[in-house]
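*Asks:* Residue numbers (my numbering): 802 to 922. Below you will find the structure I want to go over with you.
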């Protein structure tokens, strides 16, 4: 369940892109771990069976999230919600822009259900 309060709590020091990408934490973590698995294959004492098993698990996570198209998803979401430029600092955004950034982050996290604490969302 995803919840969007009337006044979303956002880090004022981050830019719009970094804030939106918070929704992709698990996907980015899986991609980083997969890179580490690929690097581990080069080690002389690598356990290829364990590495292959972990590789398959991580690739399934990435495939299920359609992570290979994540950049396109980010751009489509930003355009659909008319987000400010990616490099805009969250602390400088208006209340409506902050809510749109928070909504974009929430939608990209793909919850099964949304709870929006604002009748105009």
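A virtual CB, placed ideally from N, CA and C, is assigned to each residue, including glycine. Computed from a predicted model, the values in this text were never measured in an experiment.
Go through its chain and collect everything with a Cβ distance to residue 804's Cβ below 6 Å, but skip five positions before and after it.
*Replies:* Closer than 6 Å at Cβ, skipping near neighbours: 916.
*Asks:* I think residue 891 touches residue 816, with their Cβ atoms under 8 Å apart; what is that distance to the nearest whole Å?
*Replies:* At roughly 7 Å, the Cβ-Cβ gap stays under 8 Å, so residue 891 and residue 816 are in contact.
*Asks:* Just to check my reading of the structure: residue 811 and residue 879 have Cβ atoms closer than 8 Å, yes? What is that Cβ distance to the nearest angstrom?
*Replies:* Not quite, the Cβ-Cβ distance comes to about 15 Å (not below 8 Å), so this is no contact.
*Asks:* Relative to the C-alpha of residue 918, which candidate in 900, 870, 841, 887 has its C-alpha closest?
*Replies:* Comparing Cα-Cα distances from residue 918 to each of 900, 870, 841, 887, the minimum goes to 900.
*Asks:* Can you tell me whether DSSP reads residue 890 as helix, strand or coil?
*Replies:* Of the three classes helix, strand and coil, the one that applies to residue 890 here is strand, per DSSP.
*Asks:* DSSP three-state call for residue 839: helix, strand or coil?
*Replies:* It is helical.
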